[in-house]
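Working notes, beginning with the structure itself.
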Amino acid sequence: MDISATEFNARYPIAEEFIIIDVREELEYQTFNLGGDNIPLGILLSDVEDLNYKRDSEIVLICQHGLRSETARRVLAQNGYTNVRNLKGGLLAWRKMNTLL
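Per our numbering, the very first residue in the sequence shown carries number 17; after that it's consecutive.
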């Protein structure tokens with residue numbers, strides 16, 4: 017399931033309502049991020065069974081365009097996570113929306 021940049025932006029200031037996982041590489045994350053945990057997609061894929069999140073927690077996955085985070089969303093869903101969402105359009109959509117505000 018996706019979360020739009022608009023919905024994410026409305027809920028982001030109170031991000032304790034959900035967990036943010038940024039699946040970009042560390043250098044990308046260090047350049048610009050919205051906080052949350054940085055778990056690059058390759059690491060998430062190989063270590064999915066070792067993640068320490070509650071399976072029913074709301075998790076929002078983010079990346080640059082929304083493609084890697086969609087892959088991560090599918091993998092987490094296949095591994096029993098029941099409330100995972102992909103930021104549709106990724107950080108590019110979020111940043112574009114926020115420059116228009």
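Positions of the beta carbon are idealized from the N, C-alpha and C atoms, including for glycine.
Same chain, Cβ closer than 8 Å to residue i, five either side skipped, listed in chain order
i: E41; result: P56
i: D53; result: I35, I36, I37, D38
i: L117; result: With a pLDDT of only 49 at L117, under the threshold of 50, the placement of this residue in the model should not be trusted, and no figure is reported.
Paired residues, beta bridge with residue i - DSSP
i: I78; result: D38
i: N54; result: D38
i: N102; result: D18, L77
Residue i classed as buried or exposed, judged by whether at least 16 other C-beta atoms fall within 10 angstroms
i: G96; result: exposed
i: G106; result: buried
i: G82; result: buried
i: I30; result: exposed
i: A88; result: buried
i: Y69; result: exposed
i: F24; result: buried
i: A26; result: exposed
i: L61; result: exposed
Own chain partners of residue i with C-beta closer than 6 Å, once the 5 adjacent residues on each side are dropped
i: M17; result: R101
i: Y45; result: D38, N54
i: E74; result: F34, N99
Same chain, Cβ closer than 7 Å to residue i, neighbours up to 5 away in sequence not counted
i: S85; result: V39, L77, I78, C79, N102, L103, G106
i: L108; result: Q80, H81
i: T98; result: R71, D72
i: A93; result: V100
Contact with chain D by residue i, beta-carbon distance below 8 Å
i: Y97; result: Among the chains of the structure shown, chain D does not appear; only one protein chain is present.
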